[in-house]
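Chemist: Take a look at this one; I'll ask things after.
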Amino acid sequence: MREVLKFIMGGYAMNQKILFSPIGGTDPISNFRDGAMLHILRVYKPDIVYIYLSKEMCVYQDKDNRYLYCIERLEKLLNHKFQVHELKRPELINVHEYDYFYKDFNDIISDIKSKHQYSTLYLNVSSGTPAMKSALQMMASISEYRMIPIQVSTPVKGINLHYENRDNYEVEEYWELNEDNVENFENRCIESRGDNQLAAIKKGVINNHIDSYDYVAALQISKSIKDFVCDDLFILLRAASYRLQLDFSGIDKLLNSTDYDILPIKDWNRKIILEYLLCLRIKLKREEYSDFIRAITPIIAELFELVLKKQCNIGINTYSTIKRNRNNVFIRRWDRKKLANNPDLLRVLDDHFNGRILENPIASYHLSVIIDAYCNHEKTKNTVEDLSNVEQKVRNLAAHEIISVTDEWIKSNTGFTSEEIINKLKYLSKMCSFTITKDLWDSFDKMNLLIKQQL
């Protein structure tokens, strides 16, 4: 809404129709019928018209006002006002030079689009020299802007012969004899429906970024072809980026007024486990092994705590207190007074940690010691031990040393591949009463399909 108000306050109307038209030898009237420029005006009734005149056409216009005269007469006939801008190039003699027109047209159209962002731009690709027509067709094909090229067929559907004397042009007489000045005139306009090639190429790149879960890159490229994609694409790409950042409140705010829902789990405890594991999985798909290793600590701690609660009936909050650290961040720490209420648990911890568990922040290796002492499920205990060893052996190396972390490096240092580590985390989730089904495990890819449908 802010952009709309800004647009209106800036003096530009929305949803205007604009025509950019070179002027050629058959304009404004030829063979007692509309030339291409005049016929497009008659059919489309644009609000704004830019007419482009080379040196020869400037001479004709200055001589008898033929182009503006016919436009003004058409205004009265249609009861429709055209805002006309003349783009005169009196120095332009070499009208066969394609490169000149491509650059000049590009500069002009970029300026038009910057002034009229929310308008529809039509291009007359039937008037002017072959170089002019080719330049406009190419621009429509590869420009970042949406433009509609319009061809106008000749009345005889063939080569347009010239009966008029262009140097002694009786403009008033030709207007009166124009056979298109009737209510049931023949519409000879044909819109070129070919896809914009640049947009098609960029859409392919966007698809690849989505498949690679790089939603930020996909969003940036989408912005460069905003005229060729729907608004829902931007919404979903932002939501997907938030999902990868575990920003659930951002997703809720963004999708609140839409029918989209990209999160398969609503319950907070299960949602955070699933989404964190999915983010780890994406790191593996991108071969971001160093980031993967550094990121496993929070989920290991979370799952170890759930194992204690579900299988050992031990809630860590009962034996901890929350205190601020030096950075004013709240941290859970062991509390020996609370632990004293469970002498057996305190003994297990003291025995393992050199006779005394300190009131330090609670860490996953503390929890693994408790699980080993109290859990009766052997596979769960072994899985916890494996993950604890993984964290201790490689997490600190990856976090504090400049090293190349590959899947082979992880395997050689832990005995497990990164995929096997992920599977162990999924197994612990299952043992905590949360089975991650294939449908849940593939939910990012399903979201990607939803996003790509907007292309």
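Each residue of the sequence shown is one higher than the one before, counting from -17 in this note's numbering. Backbone N, C-alpha and C fix where the C-beta goes; we use that ideal spot for every residue, glycine too.
Rounded to a whole number of angstroms, what is the C-alpha to C-alpha distance between GLN(-2) and LEU60?
Modeler: For GLN(-2) and LEU60, the distance between alpha carbons rounds to 17 Å.
Chemist: Can you confirm whether the region 42 to 53 touches the region 18 to 33 when touching is taken to mean that 3 or more C-beta pairs between the two stretches lie within less than 8 Å?
Modeler: With the cut-off at 8 Å, the region 18 to 33 and the region 42 to 53 touch.
Chemist: What is the residue span of the beta strand (DSSP E) that PHE230 lies within?
Modeler: Premise fails: PHE230 lies in the alpha helix (DSSP H), 230 to 237, not in any beta strand (DSSP E).
Chemist: Count the C-beta pairs between the region 242 to 259 and the region 422 to 436 that are closer than 8 Å, then say yes if the count reaches three, no if not.
Modeler: Verdict: yes, contact present.
Chemist: Do you know how far the Cα of LEU103 is from the Cα of ASP209?
Modeler: Rounded to whole angstroms, ASP209 to LEU103 spans 11 Å at the Cα level.
Chemist: Sort out for me which residues DSSP pairs SER302 with in a bridge.
Modeler: Answer by DSSP bridge pairing, in chain order: TRP316.
Chemist: Counting along the chain, where does the alpha helix (DSSP H) carrying PRO325 start and finish?
Modeler: PRO325 -> alpha helix (DSSP H) spans 325 to 334.
Chemist: For the beta strand (DSSP E) containing PRO4, list its first residue and its last residue.
Modeler: From DSSP, the beta strand (DSSP E) with PRO4 extends over -1 to 4.
Chemist: Once you ignore the five residues that flank MET129 on each side, which residues in its own chain have a CB closer than 6 Å to its CB?
Modeler: Only LEU103, LEU105, ALA122 meet the Cβ criterion.
Chemist: Starting from ILE172 and walking both ways along the beta strand (DSSP E), at which residues does that stretch end?
Modeler: 171 to 173 is the extent of the beta strand (DSSP E) around ILE172.
Chemist: For the alpha helix (DSSP H) containing HIS348, name the first residue and the last one.
Modeler: Note, HIS348: alpha helix (DSSP H), 346 to 356.
Chemist: Check for me: the alpha helix (DSSP H) holding HIS191 runs from which residue to which?
Modeler: 179 to 193 is the span of the alpha helix (DSSP H), which, as asked, contains HIS191.
Chemist: As an exercise, report each continuous alpha helix (DSSP H) stretch of at least 4 residues that is fully enclosed by the region 81 to 143, in chain order.
Modeler: DSSP runs (the alpha helix (DSSP H)) wholly in the region 81 to 143: 112 to 124.
Chemist: Run through DSSP, which three-state label would SER12 get?
Modeler: Residue state, collapsed to three classes: strand.
Chemist: Sort LEU35, ILE203, ARG252, TYR258 by Cα distance to TYR224 and report the nearest one.
Modeler: Checking every option, the nearest Cα to that of TYR224 belongs to TYR258.
Chemist: Enumerated in chain order, which unbroken segments of the alpha helix (DSSP H) with a length of 4 residues or greater are wholly contained in the region 360 to 407?
Modeler: Whole alpha helix (DSSP H) segments, 4+ residues: 360 to 372, 378 to 382, 389 to 396.
Chemist: Determine the DSSP secondary structure at LYS428, reduced to helix, strand or coil.
Modeler: Helix at LYS428.
Chemist: Excluding the five sequence neighbours on either side, which residues of its own chain have a C-beta within less than 6 Å of the C-beta of SER343, listed in chain order?
Modeler: Checking the sequence shown, residue 343 turns out to be Pro, not Ser. Excluding residues within five positions, the ones whose Cβ falls inside 6 Å are ILE313, ARG315.
Chemist: If you reduce the DSSP assignment to three classes, tell me which class ILE244 lands in.
Modeler: Of the three classes helix, strand and coil, the one that applies to ILE244 here is coil, per DSSP.
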